[in-house]
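Here the structure is laid out as structure tokens; the discussion comes afterwards.
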Amino acid sequence: MASRIPVIAGNWKMNTDLESGINLVKEIVALSNAVSGVDKIVCPPFISISSVAQSASGSTVQVGSQNVSANSDGAFTGEVSTSMLRGLVSHAIVGHSERRALNGETSEQVAAKAIAAAEAGISPILCIGEDLSVRKAGNAATFVADQLEASLAGYSDWNSLIVAYEPVWAIGTGEAATSEQAQEMTAVCREVVRKLAPDAADSVRVLYGGSVNSGNVAELLTQPDIDGALVGGASLKADEFSKLIAAAGSK
Ligand code: 13P
46 MASRIPVIAG NWKMNTDLES GINLVKEIVA LSNAVSGVDK IVCPPFISIS SVAQSASGST
106 VQVGSQNVSA NSDGAFTGEV STSMLRGLVS HAIVGHSERR ALNGETSEQV AAKAIAAAEA
166 GISPILCIGE DLSVRKAGNA ATFVADQLEA SLAGYSDWNS LIVAYEPVWA IGTGEAATSE
226 QAQEMTAVCR EVVRKLAPDA ADSVRVLYGG SVNSGNVAEL LTQPDIDGAL VGGASLKADE
286 FSKLIAAAGS K
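Letter by letter, the sequence shown follows residues 46 to 296 of this note's numbering.
What follows is the structure in structure tokens.
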């Protein structure tokens, strides 16, 4: 199996203000800076990115955004472009299920965002995942494969891509996928990459997200196709997030 450096990425969502965001990243740096063998990423709200990046500068903690515009500039009220983020972030989450559900983002739009990010030297963390009705109907694998393929239409910068399988039913519910379920679906994601870019499939990192915490992370990380986690709630507590980093660092 290809050796892939695990990733622990924290999606702060619409949490933290400027002061608490700065404090949070400083605590994470204090607890986790020395842990090696894992890529550590925090994704604060846009308004805090600059200050959080400043606080993390010189550390091993990287900063990402939670979204990015596919457009370069112009009349797009409220949007943030890659050129605004360049130099501040190393990664950008695209296609999170909350944005797909609440903002109506389509896979076509997600693909355009991923391409724009990669072109700016920002690694996309591309999210896909089925909801409960799809899973109950037994269609999770087909749905996720189709959603990922559509979200990668026209994408070609395979070295920078990170995929995050996040089943909607596991997000914020406290009910994580079992490690078997997560393995099965991250393997599906890897096979989609293999179909599109055979040479890249064994090096692209595929993360699991959905109620990851210090109690379940080790078991999830034992799975061969799970290369880390995209974390919501547990990323808002420095000690908990640092435990996830420590677990992945020793994978
Ligand atoms: P939770 O870890 O809070 O379930 O959120 C997962 C998520 O949506 C990360 O992007």
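No residue lacks a Cβ here, since even glycine has one placed at the ideal position from N, Cα and C.
I need the DSSP call for residue i, collapsed to helix, strand or coil.
i: Asn116; result: coil
i: Met46; result: At Met46 the pLDDT is 45, less than 50, meaning the model places this residue with poor confidence; the figure from the coordinates comes in the next sentence. Met46 falls in the coil class under three-state DSSP.
i: Lys58; result: coil
i: Ala165; result: coil
i: Val80; result: coil
i: Val238; result: helix
i: Leu252; result: strand
i: Leu197; result: coil
i: Gly132; result: coil
i: Ala246; result: coil
i: Gly103; result: coil
i: Ala182; result: coil
i: Pro51; result: coil
i: Ala156; result: helix
i: Ile170; result: strand
i: Ile216; result: coil
i: Ile139; result: Reading the sequence as shown, one finds Val at residue 139 and not Ile. DSSP places Val139 in strand when its eight states are reduced to three.
i: Val87; result: strand
i: Val192; result: Residue identity differs from the one stated: residue 192 is Gln in this sequence, not Val. Note: Gln192 maps to helix in three-state DSSP.
i: Val97; result: helix
i: Asn204; result: helix
i: Val257; result: coil
i: Ala221; result: coil
What are the boundary residues of the beta strand (DSSP E) that includes residue i?
i: Ser110; result: Val106 to Ser110
i: Gly294; result: Not the beta strand (DSSP E): Gly294 falls in the alpha helix (DSSP H), residues Ala283 to Gly294.
i: Ile207; result: Ile207 to Tyr210
i: Val276; result: Gly273 to Val276
Determine the extent of the alpha helix (DSSP H) in which residue i is found, giving its start and end residues.
i: Val70; result: Leu63 to Ser77
i: Ser142; result: Ser142 to Leu147
i: Glu150; result: Neither: Glu150 is in no alpha helix (DSSP H) and is coded neither H nor E.
i: Glu124; result: Careful: Glu124 lies outside any alpha helix (DSSP H) and carries neither H nor E.
i: Ala263; result: Val262 to Leu266
Any heavy atom of the ligand 13P closer than 7 Å to the CB of residue i?
i: Ile216; result: yes
i: Ile259; result: The residue you asked about is not Ile; residue 259 is Ser in the sequence shown. Flag unset: Cβ of Ser259 not near the ligand 13P.
i: Ala279; result: yes
i: Asn148; result: no
i: Asn56; result: yes
i: His136; result: no
i: Val87; result: no
i: Glu285; result: no
i: Glu211; result: yes
i: Val276; result: yes
i: Gly254; result: yes
Just to check my reading of the structure: residue i and residue j have Cβ atoms closer than 8 Å, yes? What is that Cβ distance to the nearest angstrom?
i: Leu289; j: Ser259; result: 6 Å
i: Arg131; j: Gly166; result: 7 Å
i: Asn60; j: Leu281; result: 6 Å
Exercise. Evaluate the contact criterion for the stretch 243 to 250 versus the stretch 204 to 213: three or more CB pairs, one atom per stretch, below 8 Å.
Key: yes
Practice problem: Indicate whether the contact test is met: 3 or more Cβ pairs, each with one atom in the stretch 48 to 68 and one in the stretch 133 to 153, closer than 8 Å. | Solution: yes
Self-check item: Given 8 Å, three or more beta-carbon pairs between the stretch 111 to 124 and the stretch 153 to 162
Solution: yes
Quiz item: Are the stretch 143 to 153 and the stretch 180 to 187 touching by the rule of at least three beta carbon pairs closer than 8 Å?
Solution: no
Quiz item: Would you call the stretch 120 to 127 and the stretch 99 to 109 in contact, with 3 or more CB pairs under 8 Å?
Solution: no
Self-check item: Touch test, the stretch 235 to 243 against the stretch 212 to 227, Cβ-Cβ under 8 Å, three pairs minimum
Solution: no
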